[in-house]
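Worksheet: the structure to be examined is printed underneath.
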Amino acid sequence: MRLKSLMMTILGVGLAGGAVMIAQEQLRRSQAAADPTIVRVVAAAEEIPFGSPIEGHKLTAIDWPADSVPAGVFTSFEDVLPTAGVDPRRAKRALAQGEILLASKVSDFGEKVTIVQTLGENNRAMAINVDAQTGVGGFVTPGDFVDIVLTQGKNESLRAVTILQNIRVIGVDQTADEDVDQPGIARTVTVEVTPDQGQRLALAQKAGQLSLSLRSLHIQEDKPLEAIRLSDILLEKSPVAEGAPKPIVKVRRGTTDVQEVPVAGNPANATVSN
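Residue numbers (the working numbering): 210 to 483.
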């Protein structure tokens, strides 16, 4: 039984190696006879999740205009795949099927890939404790952008203020894959912040409860938001805009006389008299 398993393993490795060699040879031949205005570049033959090893069967070669080849592109499988005994490169971010490989998207041979590689220059990763209510019901996923709202105080002194806007979510619990689109209740959300924003966020977590506000894809401009207090929403009157039409009821007196009467207060409590 063990011998059979060993033979199957050796066969699988041999087939995988053969597929890589065939692909490499096809790439060499196509480049030798290709139009000089076209370059054959290495791309993902299938989806490659964040942190996954770059393997031969996951790669393909596609045509690309020579005058628009991005910096850091790979034109040879040998530059992407490891030699015998060398650890593979890994995806620094999720790669879609058909996406060309760039040096900025994959690690060096044997390099460890962590969430740090997804951070912008001089930025930090910081975790926020959330639950179903404060984490937008679990609909926040890696790659989303959120505003962070601090709620602080008790009773009449209760207030809320947006402390950070347009903050990128880079992880939900232990998941950093931006292709995840299934909602789930999280306990922590990790966000990307500047050093100054990180200090503000650390203080805010101690001062009160933080909630996430999931942003629309179409927000063009952020504006400073003032804090709002409980007294601001406990109004004596309902928040109807000035000049808005008032509800009316029609009152019929007799068989022909019909009058329209504006309703004061709650229309549900209005009475009609004949």
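For glycine and all other residues, C-beta sits at the position ideal for the given N, C-alpha and C.
Owing to the predicted nature of the structure, the values given are computational and were not obtained by experimental measurement.
Between which two residues does the alpha helix (DSSP H) holding residue i run?
i	result
isoleucine 442	439-442
With a threshold of 16 other CB atoms inside 10 Å of the CB of residue i, please say whether the residue is buried or exposed.
i	result
aspartate 353	buried
lysine 415	exposed
threonine 323	exposed
leucine 434	exposed
serine 482	In this prediction, serine 482 scores a pLDDT of 46, lower than 50, which makes its location untrustworthy; no coordinate-derived value is stated.
serine 440	exposed
isoleucine 257	buried
serine 313	exposed
glutamate 401	buried
proline 274	exposed
Is there at least one non-hydrogen atom of the ligand MN closer than 7 angstroms to the beta-carbon of residue i?
i	result
glycine 319	Questions concerning the ligand MN fall outside what the structure shown contains, since it holds no ligand whatsoever.
On the three-state DSSP scale, how would you describe residue i?
i	result
valine 325	helix
leucine 359	strand
valine 345	helix
glutamate 401	strand
serine 313	helix
asparagine 364	helix
alanine 477	At alanine 477, the pLDDT of 48 sits below 50, so the modelled position is not reliable; the number obtained from the coordinates is stated separately. Helix.
leucine 290	coil
glutamine 406	helix
histidine 427	coil
Out of the options, state which residue places its alpha-carbon closest to the alpha-carbon of residue i.
i	options	result
serine 285	Ser366, Arg368, Leu268	Leu268
leucine 373	Gly294, Ser366, Leu412, Gln383	Leu412
glycine 281	Gly260, Asp405, Thr397, Ala252	Ala252
valine 349	Ile442, Glu330, Val325, Gly380	Gly380
isoleucine 337	Glu435, Val278, Val358	Val358
glycine 319	Gln418, Glu264, Gly329, His427	Glu264
alanine 300	Glu255, Arg409, Thr403	Glu255
alanine 436	Gly347, Arg368, Ala270	Arg368
I need the boundaries of the beta strand (DSSP E) containing residue i, first residue and last residue.
i	result
glycine 380	368-381
aspartate 276	No beta strand (DSSP E) holds aspartate 276; DSSP gives it neither H nor E.
arginine 333	333-338
isoleucine 394	First-last for isoleucine 394: undefined, no H or E at that position.
arginine 249	247-253
leucine 434	Note, leucine 434: premise wrong, no beta strand (DSSP E); not H, not E.
Across the region 356-364 and the region 291-300, are there enough close Cβ pairs to call them in contact, namely three or more that are closer than 8 angstroms? When Cβ pairs closer than 8 angstroms are counted between the two stretches, the region 356-364 is seen not to touch the region 291-300, the count staying below three.
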